[in-house]
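Below you'll find the structure, written out as structure tokens, and then a few comments.
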Amino acid sequence: METLRLVLLFAHILGYAALLGGLLVQVRSDTKTVNSLMRDGAGLAFVAGLLLVGVLEQVASPDHAKIAVKFGIGLVILVLVMVNMRKPSIPQGLYLGLLALTVVNIGVAVFWAPTHA
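Mapping of the sequence shown onto my numbering: position 53 corresponds to residue 60, and the numbering continues sequentially without gaps.
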């Protein structure tokens, strides 16, 4: 079970790395788009995160508040990416919103420490 948890955690991290990379590669571009790296990264991060929670529920009692926050932000990112995938460009505000949501979700994962009783 520990190996599965680590594999899913690795996939989850790779998904967010791909999403962030797909966003950052466009920082200096005048025209922003949702690229396939963002789509695949958001999808991988979301699905791996869901599966990871399932595994964590079997092993320990995870922080459900943290999971709910990460799930909500991840779902918003995934929906925004999928809805705008076929558009030739996206507004600067949407791009910045996706970038901010991605960084916040990574920050929640890193800085929201697990509670120990």
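Ideal Cβ placement from N, Cα and C applies to all residues, glycine included.
Here the structure is a predicted model, which is why all the values come from computation and not from measurement.
Item	Value
Three-state secondary structure (DSSP) at residue 39?	strand
Is the separation between the beta-carbon of residue 48 and that of residue 79 shorter than 7 Å?	no
At the level of alpha carbons, what is the spacing between residue 116 and residue 69?	12 Å
So what does residue 97 bridge to, in DSSP terms?	39
Using the Cβ count rule (16 or more neighbours within 10 Å means buried), how would you classify residue 56?	buried
On a CA-only basis, which of 21, 108, 31 is nearest residue 81? Give me that one, please.	108
Out of curiosity, what's the CA-to-CA distance linking residue 132 and residue 60?	Because residue 132 is not part of the residues shown, which for the chain are 8 to 124, the question remains open.
Whose C-alpha, out of 118, 119, 88, 98, is nearest the C-alpha of residue 43?	88
In chain order, which alpha helix (DSSP H) runs of at least 4 residues are fully inside the stretch 46-124?	71-90, 99-118
Using only the alpha-carbon positions, how far apart do residue 16 and residue 102 sit?	26 Å
Decide if residue 71 is buried, meaning its Cβ has at least 16 other Cβ atoms within 10 Å, or exposed.	exposed
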